[in-house]
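Enquirer: Going by this note's numbering, the first residue of the sequence shown is number 2, and it counts up by one from there.
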Amino acid sequence: MIDFHCHADLYRDPTAVLNEAEARGVYLLAVTTTPLAWRGMKSLLSGRRRMNIAAGLHPELVAERFSEVSLLEDLSGTRYVGEVGLDGGRTNRSSFHKQDEVFRRVLKRCVAVGGRVLSIHSRSAPGGVLDALAGHPGAGIPVLHWFSGSQQDLERAEKLGCWFSVGPAMLRSAKGRRLAELMPRDRLLTETDAPFARASASRPLMPWDVSKAEVILADIWAVEPTAARLKLLRNLRTLATCENGFPMSVAEKRAAQHK
Ligand code: MN
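1. Could you check how far apart the C-beta atoms of Arg-179 and Phe-165 are, in whole angstroms? I think they sit under 8 Å.
2. Any contact between the segment 84 to 98 and the segment 44 to 54? By contact I mean 3 or more CB pairs, one from each, below 8 Å.
3. What do you get for Gln-100, buried or exposed, if any count of 16 or more other CB atoms within 10 angstroms of its CB means buried?
4. Would the C-beta of Asp-88 count as close to the ligand MN, meaning under 8 Å from any of its heavy atoms?
5. Would you give the residue range spanned by the beta strand (DSSP E) that His-122 belongs to?
6. Relative to the ligand MN, is the shortest distance from any of its heavy atoms to the C-beta of His-6 smaller than 8 Å?
7. Hey, would you say Trp-147 sits closer than 9 Å to Arg-186, going by beta carbons?
8. Spatial neighbours of Lys-43 within its chain, please: CB distance less than 7 Å, with the 5 preceding and 5 following residues excluded, ordered by chain position.
9. Closest by CA to Gly-83, which one among Ala-133, Arg-117, Phe-67?
10. I need the DSSP call for Ser-151, collapsed to helix, strand or coil.
11. If you follow the beta strand (DSSP E) that Pro-143 is part of, which residue opens it and which one closes it?
12. Taking just the CA atoms, how far does Asp-210 sit from Ser-203?
13. Any heavy atom of the ligand MN closer than 8 Å to the CB of Phe-148?
14. Chain C beta carbons: is any one of them nearer than 9 Å to that of Ala-133?
15. So, at 8 Å on beta carbons, what are the nonlocal neighbours of Glu-182 in its own chain, with the 5 sequence-adjacent residues on each side left out?
16. Pull up the distance between the alpha-carbon of Glu-21 and that of Leu-233, whole angstroms please.
17. Spell out the partners DSSP gives Trp-164 in its beta bridges.
18. Under the criterion of a Cβ to heavy atom distance below 8 Å, does His-59 qualify as lining the ligand MN?
19. Cα separation between Met-2 and Ile-217?
20. Quick check: does the Cβ of Asp-194 come within less than 8 Å of any heavy atom belonging to the ligand GDP?
21. So what's His-98 in DSSP terms, helix, strand or just coil?
22. For Asp-4, write down the residues that DSSP places opposite it in a beta bridge.
23. I need the boundaries of the beta strand (DSSP E) containing Val-85, first residue and last residue.
Laid out in structure tokens, this is it:
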């Protein structure tokens with residue numbers, strides 16, 4: 002199982018969640034919302050074989066945390082960047098220019114350091130995100146998380162080399178499923194966006210709830226859930242090979258290769 006966009010530091014008891022995710026064999030990318038949170042999170046992740054951490058500055062926090070962007074520009078300590086991107090929703094529109102500046106500064110740094118894997122937020126701003134990516138070839142591998150743009154946006158993203166991560170919350174809606182159907186199968190991963198994304202009003206999604214997304218993707222692809230899981234692991238392996246990220250066991254590599 003893969004949770005490629007999890008705000009693990011925001012659970013009430015991150016260590017307990019990470020321990021259980023580890024016991025269940027979840028590959029996890031812990032995205033952060035501020036560069037300072039990234040620093041704090043590093044120790045929680047150290048020594049966890051299937052887990053990596055991404056350095057981010059969430060577009061919704063740019064207005065109040067703009068001063069931290071310089072910390073984010075030092076990317077020497079991470080291969081993963083996120084959560085970054087743009088939010089064009091009404092509540093964040095006033096900071097849109099600052100968001101764009103931050104996102105472009107981060108992309109520029111990614112180009113300078115030879116590319117990174119990025120987990121990107123594009124709610125209500127898919128065009129702006131794609132414009133910025135188009136202006137920074139060599140920034141690395143953009144993974145558009147919970148993508149909710151139009152079909153044309155999706156086609157453009159695909160041409161720009163974007164990957165996608167989809168989760169149970171996104172796949173609950175007909176629009177989300179429709180977009181997932183159109184996404185390239187070779188560039189798709191699962192995610193939760195937990196604990197923001199919820200299983201119910203009283204319970205946040207947990208990293209291992211990505212199994213629900215696997216089942217829906219299996220249905221879309223008309224394959225067995227086990228085959229969908231292996232396909233997703235194979236995708237992660239492709240990504241990991243590009244960036245020397247998540248190490249896989251020999252058995253997992255073999256299973257991924259033969260599907
Ligand atoms: Mn998120």
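Where is the CB? At the ideal position from N, CA and C, for every residue including glycine.
Expert: The short version:
1. That belief does not hold up - the Cβ atoms of Arg-179 and Phe-165 are roughly 13 Å apart, past 8 Å.
2. Contact between the segment 84 to 98 and the segment 44 to 54 is not established, with fewer than three Cβ pairs separated by less than 8 Å.
3. buried
4. no
5. 117 to 122
6. yes
7. Going by C-beta atoms, Trp-147 is not nearer than 9 Å to Arg-186.
8. Ile-54
9. Considering only Ala-133, Arg-117, Phe-67, the residue with the shortest C-alpha distance to Gly-83 is Arg-117.
10. coil
11. 141 to 146
12. 15 Å
13. Taking 8 Å as the cut-off, the C-beta of Phe-148 does not count as close to any heavy atom of the ligand MN.
14. Reference to chain C is not applicable here, since this structure consists of a single protein chain.
15. Ile-221
16. 21 Å
17. Val-144
18. yes
19. 14 Å
20. No copy of the ligand GDP appears in this structure; the ligands present are the ligand MN.
21. helix
22. DSSP, once it has assigned bridges, lists Leu-29 as partnering Asp-4.
23. Start and end: 81 to 86.
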